[in-house]
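Heads up, the thing below is written out as structure tokens.
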Amino acid sequence: MGCGTSSKVVPELPGSSFHPSWGKGVGRESCGPLQMGQGEAGHGGHRGTREAAVEAAQKMQVARYRAKFDPRVTARQVYLFFIRYDIQALIGRGSFSKVVRVEQRVTKKPFAIKMVETGVKEGREACESELNVLRRVRHCNIVQLIEIFEAQDRVYIVMELATGGELFDRIISQGTFTERDAIIILKMVVDGVRYLHSLQITHRDLKPENLLYYHPGAESKILITDFGLAHSGNKNGNWSMNTFCGTPEYIAPEILSRKPYTNAVDMWALGVITYILLSGSLPFEDENHMRLYRKILKGKYNYKGEPWSNVSNSAKDFIDRLLTLDSNHRMTAGQALNHPWVMTMAITSPMKNLQRSISWNLMLRASPHSQCSRSARASESHHSNGSKHTWGKNKTGTLG
Ligand SMILES: Nc1ncnc2c1ncn2[C@@H]1O[C@H](COP(=O)(O)OP(=O)(O)OP(=O)(O)O)[C@@H](O)[C@H]1O
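Just so we're aligned: 254 in full-length UniProt numbering is position 254 of the sequence shown, and the numbers increase by one with no gaps anywhere.
The following block contains the structure:
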């Protein structure tokens with residue numbers, strides 16, 4: 001699918017001890033009769049009392065588990081789901097999910113429902129990551145969770161519906177696109193990312209396909225979606241991650257060099273997105289993943305070809321400060337919002353229309369030749385999403 005040979009790299013969660021009790025209102029960390037027992041023992045509690053307490057807690061846990069996965073309960077969830085929502089159309093498919101447009105029967109309001117197959121480990125893990133984040137966040141540029149229904153091997157995630165389409169569909173369909181338009185988009189995205197980072201959440205799969213317009217109007221806000229690869233930092237403030245994951249064209253060099261990394265990887269991806277936004281082409285591109293990774297590790301990209309001669313130095317400086325190899329020197333989300341290019345809204349730079357060159361570059365990518373290679377790649381990765389402007393859309397298998 002992607003412009004690279006790209007398949008999205010999915011992570012293995014540490015321990016991968018996915019417990020079914022992550023469902024509605026029940027966090028994974030909440031299942032802890034053993035922990036409770038250990039804690040009491042640590043305080044020198046009475047042994048008999050402790051054992052009784054452990055046993056009682058374990059019984060309760062088992063009862064809760066049984067109740068949760070009692071076919072009658074899961075059937076009731078499915079029944080409730082269908083009572084409340086009327087499925088209207090298929091919006092798209094992910095690796096382990098289908099997204100459908102629904103109407104809430106009572107209010108007639110439209111919503112999106114992501115139906116995730118949790119029978120497979122990767123689907124369960126993506127679902128767990130997504131829910132871990134969606135349950136915690138509330139921001140105007142992040143898709144809002146409405147409710148969750150859990151069935152035996154499937155979870156229904158009800159979310160805000162984005163009807164405005166993907167970023168590049170809109171850029172192509174509008175007559176003009178200037179640096180100022182790019183800044184308006186980036187401000188929303190970076191603000192959402194700053195919020196995520198303030199909660200110690202790293203998205204790890206930022207790319208244009210995961211940025212959707214809320215409605216078709218010109219003033220629409222942008223929503224960050226798809227938290228299937230997101231990492232929620234732990235309570236000890238440990239931000240460091242090790243898992244190799246992401247979409248190849250957007251993967252930061254520190255992930256490729258298998259070093260522990262931080263939320264700065266999202267800022268690298270924002271650098272790639274900004275480069276695409278202003279040019280319609282990718283900074284690092286190669287059909288072959290190994291060659292692509294070597295290019296990323298060297299951090300060598302250029303501003304050759306159109307429309308770069310019409311892009312301000314300030315915009316290029318913004319990109320350079322994001323596509324910085326040393327993650328310690330890379331801009332944070334807060335710094336990106338305070339960068340002169342963003343602060344001045346490109347008032348000082350010529351308001352040149354970049355749209356023709358961007359569309360031209362996008363069209364080159366969609367030429368019959370690249371279509372061929374793209375569908376070949378799509379079949380490699382089992383994706384069936386029909387997105388036209390994919391930029392390294394797919395996840396590959398876990399590499400480590
Ligand atoms: N809230 C939403 N409103 C409208 N469309 C959505 C919404 N969430 C997802 N989509 C669309 O549904 C399609 C499938 O999305 P989904 O997140 O399931 O998978 P994906 O990101 O395309 O693939 P993968 O699972 O490999 O990451 C995409 O085209 C996406 O743009």
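The beta carbon of each residue, even a glycine, is placed where N, CA and C say it ideally should be.
Residue state for I201 is assigned as strand, using DSSP reduced to three classes. Under the DSSP assignment, K316 falls in the alpha helix (DSSP H) whose first and last residues are N313 to L322. One Cα belongs to T107, the other to L364, and the distance between them is close to 44 Å. The DSSP-derived three-state label of G271 is helix. Here E160 is not near A126, since their CB atoms are 8 Å or more apart. When the beta-carbon positions are compared, Q355 and G165 stay at least 8 Å from each other. For H139, the closest C-alpha among the options I222, L325 and E51 is that of I222. For D266, the three-state secondary structure derived from DSSP is helix.
In its chain, beyond the 5 residues on either side, V272, Y275, Y301 and L323 have a beta carbon closer than 7 Å to the beta carbon of P283. For M241, no beta strand (DSSP E) encloses it, and the DSSP letter there is neither H nor E. V193 is the residue among A162, T247, V193 and Q58 whose C-alpha sits nearest the C-alpha of M331. When DSSP states are grouped into helix, strand and coil, Y250 belongs to the helix group. Here the alpha carbons of L145 and L80 stand approximately 17 Å from one another. For G92, the secondary structure class from DSSP, reduced to helix, strand or coil, is strand. In the three-state scheme derived from DSSP, where H, G and I count as helix and E and B as strand, Y79 is classed as helix. One Cα belongs to F168, the other to I183, and the distance between them is close to 15 Å. Residue environment analysis places N313 among the exposed positions, since fewer than 16 neighbouring C-beta atoms fall within 10 angstroms of its C-beta. For a cut-off of 8 Å, the C-beta gap from I87 to V100 is around 5 Å, short enough to register as a contact. Setting aside the 5 residues that flank it on each side, Y213 is surrounded in the same chain by A162, G164, G165, R170, S220 and I222, each with a C-beta closer than 7 Å to its C-beta; the list follows chain order. In the DSSP assignment, the residues bridged to I87 are V102.
For M290, the uninterrupted alpha helix (DSSP H) run begins and ends at H289 to K298, by DSSP.
The beta carbon of I296 lies closer than 7 Å to those of I251, P253, L256 and F284 in the same chain, with the five residues before and after it left out. Considering only L277, P340 and R76, the residue with the shortest C-alpha distance to F177 is L277. Close CB contacts of E306 within its chain, under the 6 Å cut and outside five residues either way in sequence, are with S357 (chain order). Here I319 has G271, T274 and Y275 as same chain residues with Cβ atoms under 6 Å from its own Cβ, once five neighbours each way along the sequence are excluded. The C-alpha of G334 is placed about 28 Å away from the C-alpha of S309. Counting the other CB atoms within 10 Å of its CB gives I83 a total below 16, which places it among the exposed residues.
For L212, the beta-bridge partners assigned by DSSP are E166 and L223.
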